[in-house]
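Residue numbers (the numbering used here), protein chains in the order written: chain A, 454 to 637; chain B, 2 to 125.
These notes concern the structure reproduced below.
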């Protein structure tokens with residue numbers, strides 16, 4: 454029997470802890486795969502700074518959680534660099550939703566991710582990754598600073614902690630359930 | 002560096018370029034298998050027809066149990082685009098079964114699926 458795959462996307466700026474979160478809940482150590490970008494990609498991709506290359510590769514980290522014999526959940530960390538965001542559409546298609554991981558020391562790196570998923574109507578929550586030594590803002594301060602819409606949950610988490618990461622995933626699935634239209 | 006055979010390393014890139022493995026083909030956009038699409042081999046290896054490359058056979062062997070496209074790419078060490086083309090070949094020949102996370106483009110999981118995932122996560 455072939456299980457039905459489901460996906461959750463872990464987004465956020467470079468260094469926000471995406472791979473750490475994937476690793477703390479995945480049943481296998483995070484795997485890395487690569488997509489080769491060739492000329493076909495350059496129409497939608499800003500390759501400024503690497504013009505000399507004929508092809509470049511984007512690394513993608515992911516993990517898996519066996520939910521049951523019927524479902525297997527994949528967690529995909531988005532490539533952080535803005536020039537690779539065209540891949541986000543591919544990752545988000547058919548996904549349950551997205552956790553936008555926020556590093557409060559670099560809030561500005563999260564703006565674009567929040568904007569991206571909001572525009573596309575993809576369910577997402579904001580998870581504030583509490584790094585050691587980072588100042589602790591309240592959820593409302595984060596909401597105001599990042600202009601997070603009212604209906605979008607904001608949770609505090611520690612991406613290194615399995616239980617904490619698991620709770621963020623649970624919160625996202627619950628949030629996604631509220632976005633599914635009730636059957637007629 | 003005294004050896005003259007050491008020129009080939011990871012930094013040199015793959016010895017066989019990806020477009021050689023797919024014979025220049027790239028996946029059509031609407032036929033693209035998702036990264037999470039499950040691939041499972043449904044034929045014994047001796048029943049696999051001739052004419053497939055070593056990369057195809059590596060996938061056939063790997064997918065005795067269901068494996069995602071992304072995992073195949075990681076384990077066989079090929080770019081995702083190449084793996085999508087090769088899995089498409091195997092699918093066309095009836096050598097593998099595939100199951101994707103959505104039936105049509107942009108479809109998100111239904112409530113029943115979400116509830117199953119929620120129950121599974123809570124039990125972890």
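Every residue, glycine too, gets a C-beta built ideally from N, C-alpha and C.
From a predicted model like this one, the values you see are computed outputs, not experimental measurements.
Query raised in the report: What three-state label does DSSP hand residue 610/A in the structure shown?
Result: Here residue 610/A refers to the residue found at position 157 of the first chain. It is a strand residue.
Requested in this report: Using a Cβ cut-off of 8 Å, pull out every chain A residue sitting near residue 1/B, in sequence order please.
Outcome: Examination of residue 1/B is not possible in this model, given that chain B is present from 2 through 125 alone.
Query raised in the report: Opposite residue 524/A in the DSSP bridges: which residues?
Result: Counted from its first residue, the first chain places residue 524/A at position 71. Bridge partners of residue 524/A: 457/A.
Query - Straight-line Cα distance separating residue 26/B from residue 510/A - result: One-based indexing of the first chain puts residue 510/A at position 57. One-based indexing of the second chain puts residue 26/B at position 25. For residue 510/A and residue 26/B, the distance between alpha carbons rounds to 18 Å.
Query - Contact list for the segment 64–75 of chain B against chain A, Cβ threshold 8 Å - result: 67, 69, 71, 72, 74 and 75
Report task. Anything in the segment 602–618 of chain A with a Cβ closer than 8 Å to a Cβ of chain B? List those residues in chain order, please. Result -> none
Requested in this report: Using a Cβ cut-off of 9 Å (strictly closer), state whether residue 497/A contacts chain B.
Outcome: By 1-based counting over the first chain, the position of residue 497/A is 44. Residue placement at residue 497/A is poorly supported in this model, since its pLDDT is 45, which falls under 50; the coordinates still yield a value, given next. Not an interface residue.
Requested in this report: Enumerate in chain order the residues of its own chain whose CB-to-CB distance from residue 598/A is below 8 Å, with the five nearest sequence positions on each side excluded.
Outcome: Here residue 598/A refers to the residue found at position 145 when the first chain is read from its first residue. Excluding residues within five positions, the ones whose Cβ falls inside 8 Å are 560 and 590.
Requested in this report: May I have the straight-line CA-CA distance separating residue 125/B from residue 115/B, to the nearest angstrom?
Outcome: Against the second chain, residue 125/B aligns to sequence position 124. Against the second chain, residue 115/B aligns to sequence position 114. If I take the Cα positions, the gap works out to 15 Å.
**Report entry** Bounding residues of the beta strand (DSSP E) (the contiguous stretch that carries residue 473/A)
**Finding:** Locating residue 473/A in the first chain gives position 20, counting from the first residue. Here residue 473/A belongs to no beta strand (DSSP E); instead the alpha helix (DSSP H) covers 471–478.
Query raised in the report: Which of the residues in the segment 39–55 of chain B, read from start to end, lie with their CB under 8 Å from any CB of chain A?
Result: 39 and 41
Query - Every unbroken beta strand (DSSP E) within the segment 26–69 of chain B, with a cutoff of 3 residues, ordered by chain - result: As summarised for the segment 26–69 of chain B, the continuous beta strand (DSSP E) elements at least 3 residues long and confined to that stretch are 39–42, given in chain order.
Report task. Report yes if the C-beta distance between residue 518/A and residue 478/A is below 9 Å; otherwise report no. Result -> Along the first chain, read from residue 1 onward, the residue named residue 518/A stands at position 65. Along the first chain, read from residue 1 onward, the residue named residue 478/A stands at position 25. Yes, the Cβ-Cβ distance between residue 518/A and residue 478/A is below 9 Å.
Report task. Anything in the segment 520–532 of chain A with a Cβ closer than 9 Å to a Cβ of chain B? List those residues in chain order, please. Result -> 520, 521, 523, 524, 525, 526, 527 and 529
Query raised in the report: According to the Cβ coordinates, are residue 580/A and residue 461/A closer than 9 Å?
Result: In the first chain, counting from the first residue as 1, residue 580/A sits at position 127. In the first chain, counting from the first residue as 1, residue 461/A sits at position 8. Not a contact, by the Cβ cut-off of 9 Å.
**Report entry** Which of helix, strand or coil DSSP assigns to residue 485/A
**Finding:** The residue given as residue 485/A occupies position 32 in the first chain. In the three-state reduction of the DSSP assignment, residue 485/A falls in the strand class.
Query raised in the report: Cβ of residue 529/A within 9 Å of Cβ of residue 37/B?
Result: Residue 529/A sits at position 76 when you count from the first residue of the first chain. Residue 37/B sits at position 36 when you count from the first residue of the second chain. For residue 529/A and residue 37/B, yes; Cβs fall inside 9 Å.
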